[in-house]
Every structure is written in structure tokens, then in C-alpha cells.
Amino acid sequence: MAVGKGTTIPITMTVSPTAPYAAQNGTVSYVITVENDSTDAAKGVTVTDTLPLGFAFQSTNSIVINGQNAGSRLPPAAGSATPQWGPFTLPGGGFNGSTLVITFTAKVAGASLGPHANVVSGNSSNAQITGASDQAPVIVTAS
74 MAVGKGTTIP ITMTVSPTAP YAAQNGTVSY VITVENDSTD AAKGVTVTDT
124 LPLGFAFQST NSIVINGQNA GSRLPPAAGS ATPQWGPFTL PGGGFNGSTL
174 VITFTAKVAG ASLGPHANVV SGNSSNAQIT GASDQAPVIV TAS
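Dropping the structure here:
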């Protein structure tokens with residue numbers, strides 16, 4: 074059965090820093106997890122992370138789908154405030170889920186002291202994504 078754009082595929086997205094604190098002019102690593110619990114594949118999945126003011130994308134550390142290394146035809150440029158990855162196909166996972174995990178590093182340059190939240194969002198070419206965004210705070214400390 075084809076999955077129409079009106080079909081809801083229960084994909085959840087989460088983002089979290091690997092540490093709750095980052096020093097000014099230091100770096101912070103984030104992990105984005107996208108899970109497809111549907112029996113249908115989600116196609117054309119793109120993931121965008123909107124970094125806080127004063128943060129800049131530095132590098133993609135890994136992209137893994139169901140435990141296998143994957144690539145992105147949209148590799149983010151260093152220095153970007155809105156890195157984007159994709160498009161990916163997340164196979165239908167059903168009860169066990171199908172998982173995409175992106176780990177990346179951002180430079181904390183020019184960010185003021187205190188909490189800063191980045192926001193991750195995503196979309197799919199063949200499905201509406203439920204829970205299509207999440208945010209994660211990191212507290213910038215003096216270096």
C-alpha cells in the first residue's frame with residue numbers, strides 16, 4: 074500500500090546535548106534521534122536543527138540508520154546556524170521501530186552566558202510527521 078501525504082506516520086524526534094553545559098568559545102555535541110514506529114516507510118525525511126544565536130554548526134560526527142552508517146545528500150556547511158541533513162528513507166519499523174541517529178558538534182562562539190535552546194524539526198515527502206520537533210537547552214558558562 075502506498076503511503077499518501079495525508080497519512081500520519083508516527084515519527085518522533087528528539088534532540089539532546091551530550092553534556093548540559095558548554096564553555097564560551099568551546100563546543101557542544103548534540104544527538105538527534107528520529108524514530109519511525111509505523112509499518113510504512115517514511116521517505117524523503119529531512120532533519121533541520123536551528124541552533125541558538127551565537128552557536129554555529131562545526132561538523133557531523135555520525136549518521137546511523139538502524140545501526141548502519143548512512144550518508145546525507147544535504148551535508149551542512151561549517152558555520153551554518155541551521156544545519157540540515159537528508160533526505161533519508163526510514164524503513165517501516167512497527168513495534169521495534171526504525172531509528173535514525175545524527176550526532177554533530179556546534180561551536181559556541183559569541184553566545185551569551187546562560188541557557189540556550191536549539192530546536193530540531195523534520196519533514197517527509199510522503200507522510201505527516203507527528204512530534205516533528207523538539208528542543209534542547211544547554212547552559213553556556215564562562216570559559
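The opening residue of the sequence shown carries number 74 in the working numbering; numbering runs sequentially from there. Yeah, the Cβ is synthetic: ideal placement off N, Cα and C, and Gly gets one too.
(request) Let me know if V76 comes out buried or exposed under the rule of 16 or more other beta-carbons within 10 Å of its beta-carbon. (result) Any answer about V76 is weak, because its pLDDT of 37 lies below 50 and its placement is not dependable; what the coordinates show is given next. Using a 10 angstroms sphere on the CB of V76, the tally of other CB atoms reaches 16 or more, which defines it as buried.
(request) Give me the Cα-Cα distance between N191 and G127, rounded to the nearest whole angstrom. (result) Rounded to whole angstroms, N191 and G127 show a C-alpha spacing of 11 Å.
(message) Under 8 Å: do the region 148-167 and the region 114-125 share three or more Cβ pairs, one atom per stretch?
(response) Yes, the region 148-167 touches the region 114-125.
(message) Cutting at 6 Å between CB atoms, please list the residues of its own chain near A95, excluding the five before and the five after it.
(response) The residues are V101, V181, V211 and V213.
(message) Give me the DSSP bridge partner(s) of P188.
(response) Answer by DSSP bridge pairing, in chain order: I212.
(message) So, at 8 Å on beta carbons, what are the nonlocal neighbours of A151 in its own chain, with the 5 sequence-adjacent residues on each side left out?
(response) Only A129, F130, Q131 and S132 meet the Cβ criterion.
(request) State yes or no: is the C-beta of I202 within less than 9 Å of the C-beta of S171? (result) Not in contact: I202 and S171 (Cβ atoms no closer than 9 Å).
(request) Run the CB neighbour count on L173, radius 10 Å, all protein chains shown included, and call it buried at 16 or more, exposed below. (result) So L173 counts as buried.
(request) Using 10 angstroms around the beta-carbon of L147, count the other beta-carbons present and answer buried if the total reaches 16, otherwise exposed. (result) Residue burial is scored here from C-beta neighbours: L147 has fewer than 16 other C-beta atoms within 10 angstroms and is therefore classed as exposed.
(request) Please specify which runs of the alpha helix (DSSP H), each continuous and at least 4 residues long, are wholly inside the region 147-176, giving them in chain order. (result) Secondary structure within the region 147-176: not one fully enclosed alpha helix (DSSP H) run of 4 or more consecutive residues is present.
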